Amino acid sequence: MNVRHDLPAIVDRCLDDLATGRATVADCLARYPQHRAALEPLLTAAAAVRRTPRPAERAVDPARRARFVALLRATPQQRPRGLRLPSLAPFALSYGLFPRLAAAGAPLAVAVVLGIALLVGQPATPAAASTLTVFGGGVEVQVGEAWSPLADGARLSAGARLRTTAEGRALITFPDGSTSALDPATEIALEWITAGGPRVVRIRQFSGRLWNDVVTDRRLGATYEVHTVDAIAQVHGTVFETTINNGQTVVSAADGDVDVIAGSERVSVTRGQLVRAQAQKVAERAAVRAAGSLTIYAPFAAALLAPGGEATGARADGAVFRQIRGVTTSNPGDGPQRLDFQRLDPGVYTLLLRRFGEGAGDLVLESDGVEHRITLDGDTGTARAQVRVTLHDGQPAIELIEDRPQRVQAERDDPVRVVETERTRNAAGLAVQRERSEQERERARPTPPPARLVDPAVDAFTRGLRDALAGGDAAAIRERLNEIVAAQDTATVQARLLVLAALAASDEAASRIARALAGDAHAALRARLVEASDTLAPAEVRARLRRALLGEAIRVLAATPAGTTPPTPVQAAAEAFSRGLRDALSRNDPAAIRERLSDVLAPQDTATVRARLQMLAALVADDDAANRVTRALAGDAHAALRTRLVQAAETLAPAE
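Numbered per the working numbering, the sequence shown spans residues 9 to 664.
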C-alpha cells in the first residue's frame with residue numbers, strides 16, 4: 009500500500025473535492041495541516057472563483073503545446089509522480105482559475121495547473137463525442153433540472169449527466185473503442201473525454217454499477233478514471249467493474265491491474281481481486297471466485313450473447329468486445345479463444361460460433377470442476393449453442409444445454425452490437441495484415457519433398473481393426489488379426505504389428521483382443537500371432553502384444569503375470585508417451601500435442617527416442633490424427649520442432 013503525501017497529489021485531491029462538493033476549504037486544510045501555508049491561498053482562490061462564469065473555450069495552440077512539452081522535460085517538479093493530469097484541468101478550465109491562482113501567490117500550484125492547461129488544452133471537442141447503445145429499458149440525460157429520454161445511437165459529449173431506469177441497460181463507446189456498460193439504476197456524469205491524442209476519459213459515478221473495457225494506451229497523459237464519493241479507479245488499459253452499494257464503492261479487476269485511490273491511500277487491484285472503499289478509505293481487500301471458462305480449440309470466433317442483448321467475444325474480422333458484466337475473452341487470433349466467467353447473472357445465454365479458418369476441433373466448458381466437451385466438425389460454418397447460468401449458494405453454475413451446436417445460416421443482421429471505432433478498424437487491419445503475411449510466407453516457403461505415404465494396405469488394416477475393436481465384434485477382430493499373419497512380406501507384418509501394439513495400449517481394446525482369441529478354437533491363430541510378435545515386432549512393444557494375445561489384459565495387469573517379461577523402462581516410457589499423445593490428439597489441443605511431440609526428442613538414449621517415434625508412427629496412421637499433428641506443427645513459430653522431428657525420424661525410425 010503506497011501513501012501519497014506529495015504536495016501536487018494533495019492539491020489535486022483537494023481541488024477535486026472542492027469541485028464536486030465533497031469537501032470545503034476548511035476540511036482540506038484540517039486534513040493536511042502540514043501543508044496549510046501552501047494550500048490555503050490556493051484553495052481560498054479556488055472556492056472564490058467557483059461562481060465565476062466559465063470563459064469561452066479556445067482551440068489548442070500547437071505551438072504552446074510543443075513549448076510546454078519541452079518545458080515538461082526540463083523542469084524537475086513537472087516529472088510524472090502519480091499526478092492525475094486530467095483531473096485538474098477540467099476544474100481549472102471550468103472556473104477560470106489561472107489568473108486568480110497567480111494573484112494568490114501559489115507558485116507550485118500555478119505551475120502544475122498552467123502546465124496541464126497548456127498540455128491538455130480544453131474539454132472534449134465534437135470529434136470526441138461518444139456513442140450510446142441502449143440494450144433495453146430507458147436511458148435519460150439531465151437537461152437543466154429535468155431529465156429527458158435518450159435514443160439508441162445518441163451522441164454524448166463531456167458534461168453529459170445520464171442515468172438508466174430500473175430496467176435500463178446501456179453501453180457507452182468512447183472514441184478509442186473503450187466501453188462502459190451501465191446496469192439498471194446507474195447514474196453517471198461524463199466529465200472528460202478527449203480523442204485524437206492520448207486517450208483521457210473521466211467518469212463520475214453516483215450510483216449503480218459500471219463494467220469497463222478499456223483499450224490500452226501507454227502514451228504520456230493517457231488515462232481512464234471512474235470517480236465515486238469513496239474512491240478513484242484509474243487504469244491505462246484493462247477490464248474492471250465499479251459498484252456503489254450500501255455506502256461503499258467496490259472495485260474489482262477482471263483483467264489487468266486497477267489503481268484504486270482512496271483518500272491518501274493508493275492500492276493496486278489485480279485480476280481476480282476486489283477492493284471495498286468507504287469514506288475515502290480502503291475498507292477491505294478480497295478475492296473474486298472464478299465461475300468457470302469456455303475454450304474454443306477450433307478456428308471459430310465465439311461470442312456470448314446475454315438475454316438483454318449485450319455480448320462478449322470476437323468477430324471473425326478480429327474485433328474483440330467485452331460488454332457482459334463478469335465475462336472476459338481472449339483474442340482467437342492469438343490462439344484458442346477463452347471466455348472466462350466471474351460473477352454472472354442467471355439466465356440462458358446464446359453462444360454464437362463463426363468460422364474464420366479451416367478445420368475441426370472441440371468446445372470445452374469447465375465449471376465447478378466439471379468438464380463438458382463438444383466436437384465441432386470441419387463442415388460447420390455458423391452455429392449456435394445455449395448456455396444456462398444458475399445460482400447455487402450465491403455462486404454461478406454454468407452448463408451447455410445442447411450436446412452439439414445447432415448449425416444456422418449466417419444472419420443478415422448481426423446480433424452483436426459493436427460501434428465501429430478506431431479499435432475495430434485496427435483489429436480488422438491487423439487481421440488482414442496477418443493473413444497477407446501468412447500468404448507471403450507460404451509463397452516464400454520452399455516446396456517440401458513429397459511425403460512418404462502410409463501403405464494403403466496398412467491404412468485399411470488400421471481402420472478395419474479400429475472399427476472392429478470399437479464395436480466389440482470378436483469375429484471381426486479375429487478377421488483383422490488374421491490379416492497380420494496372412495501378409496507375404498515382412499515389412500507389412502511389422503507395420504501391422506506396430507498398429508496392433510498402438511491400439512492395444514488401451515486396457516479395453518487389449519481385453520477385447522484377448523477375448524476374441526480365447527479358447528482352443530483360436531489357438532492356432534493365437535500361436536501364429538505370438539510367434540510373429542516375438543520374431544518381427546520391435547522389442548519395446550513385444551510385452552504389450554503378448555499381454556493382449558495371451559489373455560493377460562483380461563486381468564487388467566493387476567500384477568505382472570507369472571511367465572511374462574516385465575516391461576523395460578524403455579517400454580514403460582514409450583507406453584506413457586503413447587497415452588499422453590493419444591489424449592492430446594483426442595482433445596485436438598495443439599499446445600498439448602506439441603508438448604508431447606517435444607517429449608519424443610527429450611530422452612538422452614536412442615532406444616527411447618526410437619520407441620516413441622514408432623508409437624508416433626502408429627498413431628498417425630489415422631488420417632485425423634495425422635492432420636491434427638500437421639496443424640499443431642504449422643507455422644514459423646514451430647519450425648525448429650518440426651525440423652528436429654523430421655531429422656530424428658529419418659535417422660532413427662525404422663524404414664517402414
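Note that CB positions come from ideal geometry on N, CA and C, so glycine has one too.
The model shown is predicted, which means the values in this text are computed figures rather than measured ones.
| Item | Value |
| --- | --- |
| Of all the beta strand (DSSP E) runs that stay within the bounds of the segment 602-637, which reach a length of 3 or more residues? | none |
| Which stretch, first to last residue, makes up the beta strand (DSSP E) that contains residue 701? | This structure cannot settle anything about residue 701, because the visible part of the chain is limited to 9 through 664. |
| Among residues of its own chain, excluding the 5 on either side of residue 345, which ones have a beta-carbon nearer than 6 angstroms to its beta-carbon? | 304, 310, 338 |
| Excluding sequence positions up to five away, which residues of its chain have a Cβ less than 7 angstroms from the Cβ of residue 228? | 206 |
| By the DSSP assignment, the beta strand (DSSP E) with residue 332 in it spans what residues? | Run containing residue 332: none; DSSP gives neither H nor E here. |
| Does the segment 186-196 touch the segment 216-226, meaning 3 or more C-beta pairs lie closer than 8 angstroms? | yes |
| Please tell me whether residue 286 and residue 255 are closer than 9 angstroms, where the distance is taken between their beta carbons. | yes |
| Taking 7 angstroms as the limit between beta carbons, can you name the residues of its chain near residue 485, skipping five residues before and five after? | 476, 477, 520, 521, 524 |
| Say whether the segment 348-362 touches the segment 267-277, bearing in mind that this needs 3 or more beta-carbon pairs closer than 8 angstroms, one atom from each stretch. | no |
| Using the Cα positions of residue 432 and residue 223, report the straight-line distance between them to the nearest angstrom. | 11 angstroms |
| Measure the Cβ-Cβ separation of residue 581 and residue 621 and say whether it is below 9 angstroms. | no |
| Do you know offhand how far residue 406's Cα is from residue 382's? | 15 angstroms |
| From residue 592 to residue 404, what does the alpha carbon distance come to, in whole angstroms? | 29 angstroms |
| Where are the alpha helix (DSSP H) runs, 4 residues long or more, that stay fully inside the segment 485-552, in chain order? | 498-511, 515-525, 531-544 |
| Indicate the three-state DSSP secondary structure (helix, strand or coil) for residue 143 in the structure shown. | strand |
| Do you know how far the Cα of residue 409 is from the Cα of residue 375? | 13 angstroms |
| Using DSSP bridges, identify the partner residues of residue 217. | 251 |
| When the Cα of residue 589 is compared with those of 626, 614, 556, which residue comes out closest? | 626 |
| Near residue 176, which residues of its chain fall below 6 angstroms by C-beta distance, leaving aside the five closest residues on each side in sequence? | 145, 146, 147, 192 |
| Give the DSSP-derived three-state secondary structure of residue 157 in the structure shown. | strand |
| What's the C-alpha gap between residue 544 and residue 493? | 11 angstroms |
| I need the boundaries of the alpha helix (DSSP H) containing residue 658, first residue and last residue. | 647-660 |
| Could you check how far apart the C-beta atoms of residue 290 and residue 264 are, in whole angstroms? I think they sit under 8 angstroms. | Their Cβ separation, rounded to whole angstroms, is 19 angstroms, which puts residue 290 and residue 264 out of contact at 8 angstroms. |
| Could you tell me which residues DSSP pairs with residue 667 in its beta bridges? | What is shown of the chain runs 9 to 664, which leaves residue 667 out entirely. |
| Use the C-beta contact count for residue 249: other C-beta atoms within 10 angstroms, 16 or more gives buried, fewer gives exposed. | buried |
| Buried or exposed for residue 260, going by 16 or more other Cβ atoms inside 10 Å? | buried |
| Quick check: the Cα distance between residue 36 and residue 429, rounded to an integer number of angstroms? | 41 angstroms |
| With a CB to CB cut of under 7 angstroms and the five nearest residues on each side skipped, what residues in its chain are close to residue 396? | 356, 407, 409 |
| Let me know if residue 654 comes out buried or exposed under the rule of 16 or more other beta-carbons within 10 Å of its beta-carbon. | exposed |
| Would a C-beta distance cut-off of 9 angstroms place residue 418 and residue 362 closer than the cut-off? | yes |
| For residue 558, which option in 533, 546, 547 has the closest C-alpha, if you only look at C-alpha atoms? | 533 |
| Using a Cβ-Cβ cut-off of 6 angstroms (strictly less than) and excluding sequence neighbours within five positions of residue 661, which residues of its own chain qualify? | 621 |
| Taking Cβ positions, are residue 233 and residue 258 nearer each other than 9 angstroms? | no |
| Compute the beta-carbon to beta-carbon distance between residue 513 and residue 618, rounded to the nearest angstrom, for a pair I have assumed lies under 8 angstroms. | The Cβ separation is near 17 angstroms, so there is no contact. |
| Take residue 277 as the anchor and find which of 307, 239, 530, 647 has the nearest alpha-carbon. | 239 |
| Which of the three DSSP states, helix, strand or coil, is assigned to residue 23? | helix |
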